[in-house]
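J.:
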Amino acid sequence: MKVVQRGFFVLLLSLSTLSQLYGNDKYFSWLDPNLKQRARIDLITGELLKESTPGNWRVHGTIKVDPGIVLHLPPTVSNHYFFSPDSQKLIFTLAGTGQVFELNFLSKTLKRIDQTFYSGYNFGADVFERNAQIYSVGGVGFWTYSRAITYFDKNTAEWQAIRPKNFGPESIFDGYQGYSKLTDKFYTGGSEEGKYLENNPLSIDVNCYVYDFKTNEWTLLGEINAELLEQQNREIIWNGNYFVQFSREKVYLIDPVKNAVFVYKSNKEQFQGGEYRYAVGDEIYCYWNRDNGPISKLSIREIESKAIYLGPFYSPPSKWLYYAGIGFGSLALLGLFYFRKRTKEAKKLTFDLQEKLLLKSLMDLTADSFLSTVEVNEILGLSGKTLENQRRIRLNIIAQVNQKIQLFFQIDNAIERHPSPEDKRLSRYSLNSAALKVLKNQF
């Protein structure tokens, strides 16, 4: 009888353990870049499922899942994914664990390929691919924030750390995080930071930094545009060129390389990022959860065509803070030194030929006169280019001129953009009075 009771108890214990282990659905998920549809593997059953229509999933075969994988999964599964160059394999990283898995579409197998032992420090880390290697930067875990830069070494099947030459941000978590293949640099800013201590609330780092993989150094770029940080419920995704920030009735396109922010406002649309966000080329897909269809889908190119220039993404660190730190004992001397420094920098303000021609034409306008888009294109020598290239080059040149004037004279939006009274879709341009005054002295 005791043997029967003992066996019954073991059975109940086993069922309880299995219930805890398999009670929650666990998937590795990704977005098929060709079909533009979500797919996932049920790690418990091995079923390969694809979303035929929003919220409707169909089984497309079975994947042989290594049984040991399930034993080491956290309660909630969140993954990143990377396709091999021939698209025959898919690499997954499991958030916060350092675990790396390989899905082979030919053999229909899923196996773990890393030998990670220590984990838990990098939940919410930014994971990306660089030169066919997977990198993980920052994250949070063990009641502290991380700024570690690591990469997965395929030869040792372990994660290796990179030791920069200098200190960067205190925290790399949430906010603006993205690797630019164009510059081979990692941009970070607006991270959540703070100490897990009583009466020490969490805060946001308002600065933007960049890490250069070639020099192995961090650089402080400056303070992030205040309007971006003030937006409530902001949701951000990086597509390789832009940070796309959803802010309900607004969507921002943020270019950290060119240091420019564009914004599109609409009273008829709601821009929401959702919990799951995918960037595939020019398109952004957003979902509330794993099962239902997308809540939004947008084309960056389309938003870019409607957006207007807002200002720089970040402003360089104020030099007066540096001077105050080394000469606070003499305010009069500090003020004089700062004035001379700013005057010297202003004399260095230079414009290229296109910028000079545009500014000269704007300065020659009479009161209440404007340059049309066609006139600006002719001045810049863009008439022979396509309409899309004309618009892109024109906006970039105007943004660059505005940035230079703002940097040296602290005048925002020197070249102003106005809707045409005849057709609101068309624009016309003029100089604001403050910029006109300082530019006449400059030239």
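Counting in the numbering used here, the sequence shown runs from 211 upward without gaps.
A virtual CB, placed ideally from N, CA and C, is assigned to each residue, including glycine.
#1: Can you list, in chain order, the residues of its chain whose CB lies under 6 Å from that of residue 559, leaving out five sequence neighbours each side?
#2: On a Cα-Cα basis, can you pick out the residue from 626, 633, 630 and 632 that is closest to residue 641?
#3: Please report the Cβ distance between residue 369 and residue 360, rounded to the nearest whole angstrom; I am assuming they are in contact, meaning their Cβ atoms lie under 8 Å.
#4: Taking the Cβ atom as the reference point for each residue, do residue 463 and residue 573 lie within a distance shorter than 8 Å?
#5: Taking buried to mean at least 16 other C-beta atoms within 10 Å of its own C-beta, is residue 249 buried or exposed?
#6: With DSSP collapsed to three states, give me the class of residue 629.
#7: Determine the closest residue to residue 389 out of 375, 378 and 422, with distance taken between C-alpha atoms.
#8: Is residue 316 buried or exposed, if buried means 16 or more other CB atoms sit within 10 Å of its CB?
#9: Which stretch, first to last residue, makes up the beta strand (DSSP E) that contains residue 472?
#10: Could you give the residue range of the alpha helix (DSSP H) that holds residue 643?
#11: For the candidate residues 582, 364, 623 and 622, whose alpha-carbon lies nearest to that of residue 632?
#12: So what does DSSP say about residue 309, is it helix, strand or coil?
#13: For the stretch 506–517 against the stretch 476–485, are there 3 or more C-beta pairs whose distance is under 8 Å?
#14: Between the stretch 234–242 and the stretch 267–287, do at least 3 Cβ pairs fall closer than 8 Å?
#15: Count the other CB atoms within 10 Å of the CB of residue 323; is the residue buried (16 or more) or exposed (fewer)?
#16: So, does the CB of residue 635 fall closer than 8 Å to a CB anywhere in chain C?
#17: So residue 494 packs on residue 447, CB below 8 Å; how close in whole Å?
#18: Between which two residues does the alpha helix (DSSP H) carrying residue 287 extend?
#19: Between which two residues does the alpha helix (DSSP H) containing residue 564 stretch?
#20: Pick out the complete alpha helix (DSSP H) segments inside the stretch 401–459, 4 residues or longer, and give them in chain order.
#21: Quick check on residue 307: buried or exposed, where buried means 16 or more other Cβ atoms within 10 Å of its Cβ?
#22: Which residues in the same chain as residue 343 place their Cβ atom closer than 6 Å to its Cβ, once the five residues preceding and following it in sequence are excluded?
#23: What three-state label does DSSP hand residue 278 in the structure shown?
#24: How long is the line joining the alpha carbons of residue 485 and residue 643, rounded to whole angstroms?
#25: When you compare only the Cα positions, how much space is there between residue 229 and residue 296?
#26: With a CB to CB cut of under 7 Å and the five nearest residues on each side skipped, what residues in its chain are close to residue 521?
#27: What are the start and end residues of the beta strand (DSSP E) that includes residue 266?
#28: Quick one: what's residue 521 bridged to in DSSP?
#29: I need the straight-line Cα distance from residue 467 to residue 579, nearest angstrom please.
#30: Using C-beta distances below 7 Å, list every residue in its chain close to residue 243, excluding the 5 sequence neighbours before and after it, in chain order.
#31: Within this structure, are the beta carbons of residue 272 and residue 259 separated by less than 8 Å?
#32: Alpha carbon to alpha carbon, what distance is there between residue 364 and residue 382?
#33: Please list the segments of the beta strand (DSSP E) lying wholly inside the stretch 486–516, counting only runs of 3 or more residues, in order along the chain.
#34: Residue 398 and residue 419: beta carbons closer than 8 Å?
#35: Identify, in the order they occur along the chain, each residue of the same chain with its Cβ nearer than 6 Å to the Cβ of residue 613, setting aside the five sequence neighbours on each side.
#36: Would you check if the distance between the CB atom of residue 331 and the CB atom of residue 351 is smaller than 8 Å?
T.: By the coordinates alone:
#1: So the qualifying residues of the chain are 618.
#2: Closest option to residue 641, Cα to Cα, is 626.
#3: About 5 Å; that satisfies the 8 Å criterion.
#4: No, the Cβ-Cβ distance between residue 463 and residue 573 is not below 8 Å.
#5: Per the 10 Å Cβ criterion, buried.
#6: Strand.
#7: Nearest of 375, 378 and 422 to residue 389, Cα basis: 422.
#8: Result: exposed.
#9: Counting along the chain, residue 472 sits inside the beta strand (DSSP E) bounded by residues 470–475.
#10: That run of the alpha helix (DSSP H) goes 643–652.
#11: The candidate whose alpha carbon is nearest that of residue 632 is 582.
#12: If DSSP states are grouped into helix, strand and coil, residue 309 belongs with the strands.
#13: Enough Cβ pairs lie closer than 8 Å, so yes.
#14: The stretch 234–242 vs the stretch 267–287: in contact.
#15: It is exposed - the Cβ of residue 323 has fewer than 16 other Cβ atoms within 10 Å.
#16: Within the model displayed, chain C is absent; a lone protein chain is all it includes.
#17: With a Cβ gap of about 6 Å, residue 494 and residue 447 count as contacting.
#18: Premise fails: residue 287 is in no alpha helix (DSSP H) and is neither H nor E.
#19: Looking at the DSSP string, the run of the alpha helix (DSSP H) that includes residue 564 is 563–573.
#20: For the stretch 401–459, whole alpha helix (DSSP H) runs of length 4 or above, ordered along the chain, are 436–440.
#21: Burial call: buried.
#22: Only 361 meet the Cβ criterion.
#23: Under the three-state reduction of DSSP, residue 278 is assigned to helix.
#24: Looking at the two C-alpha atoms, the distance is approximately 45 Å.
#25: Caution is warranted here: a pLDDT of 39 is assigned to residue 229, below 50, making its placement in the model unreliable, and the coordinate value is therefore given only provisionally. Answer to the nearest angstrom: the Cα atoms are 39 Å apart.
#26: Its chain contains 435, 471 and 622 as the residues whose beta carbon lies nearer than 7 Å to that of residue 521, once the 5 sequence neighbours on both sides are disregarded; these appear in chain order.
#27: Start and end: 266–272.
#28: 471, per the DSSP bridge assignment.
#29: Going from the Cα of residue 467 to the Cα of residue 579 covers about 34 Å.
#30: Hits under 7 Å: 490.
#31: Taking C-beta atoms as the reference points, residue 272 and residue 259 fail to come closer than 8 Å.
#32: Residue 382 and residue 364: Cα-Cα distance of roughly 25 Å.
#33: Counting only runs of 3+ residues, the beta strand (DSSP E) found wholly inside the stretch 486–516 occupies 486–490, 493–497 and 504–509, in chain order.
#34: In this structure, residue 419 lies closer than 8 Å to residue 398 by Cβ.
#35: Within the same chain, residue 613 has close Cβ partners 522.
#36: Result yes, Cβ atoms of residue 331 and residue 351 sit closer than 8 Å.
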